[in-house]
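Respectively, the protein sequence lines represent chains X and R. Residues in the first sequence are numbered consecutively from 32, following my numbering. Residues in the second sequence are numbered consecutively from 32, following my numbering. Quick reminder that beta carbons are idealized off the backbone N, C-alpha and C, glycines included. Data first, discussion second: the structure below is written as structure tokens.
Protein chains: 2
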Amino acid sequence: MAAKTKDLTGLGGDYVQSLARGLEVIRAFAGHTGTLTLTQVAHITGMSRAAARRFLLTLNELGYMATDGKTFRLTPKVLELGYSYLSNAPLPQIISPHIQDLAAKVHLPTSAAVLDGPNVLYISRASGTRLLQLDITIGKKLPASTSSLGRALLSGLSDDRLKQFFETNKTKRLTPLTKTSTDDLLSAVRIGRTDGYWVMDQEMEIGMRSLAVPIRDKDGAVVAAINISHGAGNSVELMLEDLLEPLLQTKASIEEDLKGLEFSL
Amino acid sequence: MAAKTKDLTGLGGDYVQSLARGLEVIRAFAGHTGTLTLTQVAHITGMSRAAARRFLLTLNELGYMATDGKTFRLTPKVLELGYSYLSNAPLPQIISPHIQDLAAKVHLPTSAAVLDGPNVLYISRASGTRLLQLDITIGKKLPASTSSLGRALLSGLSDDRLKQFFETNKTKRLTPLTKTSTDDLLSAVRIGRTDGYWVMDQEMEIGMRSLAVPIRDKDGAVVAAINISHGAGNSVELMLEDLLEPLLQTKASIEEDLKGLEFSL
């Protein structure tokens with residue numbers, strides 16, 4: 032359940048609370064397949080029914096929401112908002128074709144993500160085969176600490192900030208293999224700094240492994256991470272033998288393209 | 032340039048204009064690669080600089096916008112809005128794996144779209160190969176009348192509504208082959224009703240063909256369309272020979288999956 036919109040003192044009179052709350056109503060539908068009632072939307076957002084109703088009806092009028100009079104669902108027009116970012120930002124435009132190539136080459140799902148607070152946020156993905164279909168879509172968030180993408184992204188932080196990150200954002204145990212202590216997580220991020228890659232071995236889901244590398248801009252800053260997902264049927268060594276080289280090649284191609292950018296990310 | 036937000040009399044006091052205008056500010060960035068200044072955003076949205084500034088600063092506070100103090104750009108967090116739809120609506124969840132399979136099989140880009148006013152709106156895509164990379168992303172819109180997906184989608188309308196559609200939404204000539212008269216466009220939609228498929232032969236872009244079929248729900252209503260894009264190097268007959276059968280198989284698989292849905296789209 033989302034927290035109530037907080038009062039932002041910094042912006043004072045310039046802060047448009049109606050915009051914040053309207054966006055919360057759109058987000059209330061994430062992960063709920065099918066329709067929601069007014070009562071459900073009010074419950075998820077923590078708004079009064081009267082407030083939720085005004086936002087739902089406004090979104091309906093604008094074409095972002097459909098209703099049969101009783102229940103509400105988002106329309107595909109909501110995708111146009113995400114498209115505003117996809118067609119505006121250079122990062123997904125540069126990365127997407129490369130990870131699609133990689134997925135086609137290794138016949139496995141590939142993803143690209145950025146850090147968004149304590150989470151990784153997927154900005155692109157490609158599925159290599161349906162045998163290993165992942166429930167990951169563009170715009171989805173997952174905890175950074177239990178994701179190979181997350182550890183690769185976090186490697187860009189200083190050790191002090193990293194420690195603070197793990198202490199502030201407690202890691203939830205998802206499998207018996209999930210590392211949860213700050214010391215273990217710090218080690219896991221540091222090891223990859225030496226190796227140049229991060230392996231997540233069934234810490235997110237039993238039977239699933241992934242291999243990630245960070246993407247750096249021309250100034251060396253970590254701006255994204257890419258990974259390949261793999262089942263845990265064989266050894267980690269075999270996975271590295273098969274997948275590390277193509278993943279590093281893709282990283283090099285993306286970083287080469289990023290060098291051509293005239294503006295900062 | 033977007034029109035100013037109109038006053039919606041139907042909703043009266045329930046209409047939240049700040050939400051409408053804030054969403055317009057997000058949409059102002061679509062298609063503009065890189066950053067925008069306050070002046071540019073005000074110009075694109077038709078708002079005053081003071082109003083545009085309030086929405087930009089609020090979006091910045093909410094994490095959807097980044098700024099260096101002078102220029103603004105959307106952050107990947109905007110994708111979370113689109114994800115609300117993708118993770119909520121059954122249509123893209125059902126269609127996406129099938130068109131990914133199809134792209135892998137035919138080694139060509141595939142797409143799925145729905146009708147959104149006079150446009151087709153892409154809800155899913157898969158690229159079969161980089162040799163034919165299309166500038167089409169989820170959430171993108173294109174005029175329905177010059178798209179094979181659009182003609183397949185429009186085939187669900189009655190002839191009267193179809194005629195009205197083409198007379199209301201004048202078709203822009205994109206190539207010397209673009210059909211623009213209402214009579215020609217009506218014929219183009221009707222022919223596909225008999226054939227069961229629609230071919231777009233270089234009417235959108237010289238050198239590009241596509242082949243589309245509609246997706247129907249269990250009540251027979253057209254709810255989406257899928258297509259394969261192809262270069263115009265060979266004959267249309269050869270394209271049909273190669274691609275119609277796999278496209279129809281994919282259509283059948285999707286429609287079979289849609290039958291399992293308990294709620295309407």
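{"Asked": "In DSSP terms, what residue 147 of chain R is bridged to", "Found": "R/150"}
{"Asked": "Against chain R: residues of the stretch 110 to 136 of chain X by CB proximity under 7 angstroms", "Found": "110, 111, 112, 113, 114, 115, 116, 117, 118, 119, 120, 121, 128, 131 and 132"}
{"Asked": "Top-ranked residue by Cα proximity to residue 103 of chain X, from X/42, X/259, X/127 and X/92", "Found": "X/92"}
{"Asked": "Exposure of residue 106 of chain X, with buried meaning 16 or more beta-carbon neighbours within 10 Å", "Found": "buried"}
{"Asked": "Cα-Cα separation between residue 179 of chain R and residue 280 of chain R, rounded to whole angstroms", "Found": "18 angstroms"}
{"Asked": "Beta-carbon proximity check, residue 147 of chain X vs residue 171 of chain X, cutoff 8 angstroms", "Found": "no"}
{"Asked": "Interface flag, residue 164 of chain R vs chain X, CB-CB below 8 angstroms", "Found": "Any reading at residue 164 of chain R must be qualified, since the residue scores a pLDDT of 46, below 50, and its modelled position is unreliable; the value itself is stated next. It does: the Cβ of residue 164 of chain R has a partner Cβ on chain X nearer than 8 angstroms."}
{"Asked": "Cβ of residue 63 of chain X within 8 angstroms of any chain R Cβ", "Found": "yes"}
{"Asked": "Contact set between residue 154 of chain X and chain R, taken where Cβ atoms lie within less than 8 angstroms", "Found": "107 and 110"}
{"Asked": "Proximity test, Cβ basis, 8 angstroms: residue 100 of chain R and chain X", "Found": "no"}
{"Asked": "Residue 109 of chain X: CB within 7 angstroms of a non-hydrogen atom of the ligand GTP", "Found": "Questions concerning the ligand GTP fall outside what the structure shown contains, since it holds no ligand whatsoever."}
{"Asked": "Through-space distance from residue 212 of chain R to residue 129 of chain X, alpha-carbon basis", "Found": "41 angstroms"}
{"Asked": "Classification of residue 56 of chain R by the beta-carbon crowding that lies within 10 angstroms, buried from 16 upward", "Found": "buried"}
{"Asked": "Bounding residues of the beta strand (DSSP E) (the contiguous stretch that carries residue 103 of chain X)", "Found": "102 to 105"}
{"Asked": "Cβ contact check for the stretch 58 to 78 of chain X and the stretch 41 to 49 of chain X: 3 or more pairs under 8 angstroms", "Found": "no"}
{"Asked": "Rounded straight-line distance, which links the Cα of residue 97 of chain R to that of residue 49 of chain X", "Found": "20 angstroms"}
{"Asked": "Residue 42 of chain R at chain X interface by Cβ criterion, 8 angstroms", "Found": "yes"}
{"Asked": "Contacts of residue 287 of chain R in chain X (Cβ-Cβ under 8 angstroms)", "Found": "None at all; the shortest Cβ gap to chain X is about 15 angstroms."}
{"Asked": "Test: residue 250 of chain R CB closer than 8 angstroms to a CB of chain X", "Found": "no"}
{"Asked": "CB contact below 8 angstroms: residue 171 of chain R versus chain X", "Found": "yes"}
{"Asked": "For residue 258 of chain X: DSSP bridge partner residues", "Found": "X/142 and X/243"}
{"Asked": "Assigned exposure category for residue 201 of chain X - 16 Cβ within 10 Å defines buried", "Found": "exposed"}
{"Asked": "Separation of residue 258 of chain X from residue 276 of chain X, as counted between CA atoms", "Found": "12 angstroms"}
{"Asked": "Residues that residue 168 of chain X contacts on chain C, provided the C-beta gap is smaller than 7 angstroms", "Found": "The displayed structure is made up of protein chains X and R, and chain C is not among them."}
{"Asked": "DSSP state of residue 96 of chain R mapped onto helix, strand, coil", "Found": "strand"}
{"Asked": "Chain-ordered chain R contacts of residue 60 of chain X [CB-CB under 9 angstroms]", "Found": "115, 116, 118, 119 and 120"}
{"Asked": "CB contact check: residue 92 of chain R to chain X, cutoff 8 angstroms", "Found": "yes"}
{"Asked": "Bridge partners - residue 171 of chain R, DSSP secondary structure assignment", "Found": "Answer is none; residue 171 of chain R lacks a bridge partner."}
{"Asked": "Exposure of residue 162 of chain X, with buried meaning 16 or more beta-carbon neighbours within 10 Å", "Found": "Since pLDDT at residue 162 of chain X reaches only 45, below the 50 mark, its modelled position is unreliable, and the value read off the structure follows with that caveat. Flag for residue 162 of chain X reads exposed."}
{"Asked": "Pairwise C-alpha distance: residue 151 of chain R and residue 237 of chain R", "Found": "20 angstroms"}
{"Asked": "Straight-line Cα distance separating residue 228 of chain R from residue 222 of chain R", "Found": "9 angstroms"}
{"Asked": "Min CB distance residue 75 of chain R to chain X below 8 angstroms", "Found": "no"}
{"Asked": "Cβ neighbours of residue 194 of chain R in the same chain (closer than 8 angstroms, five flanking residues each side left out)", "Found": "213 and 217"}
{"Asked": "Reduced DSSP category for residue 155 of chain X - H, G, I as helix; E, B as strand; rest coil", "Found": "strand"}
{"Asked": "Opening and closing residue of the alpha helix (DSSP H) in which residue 215 of chain X lies", "Found": "213 to 226"}
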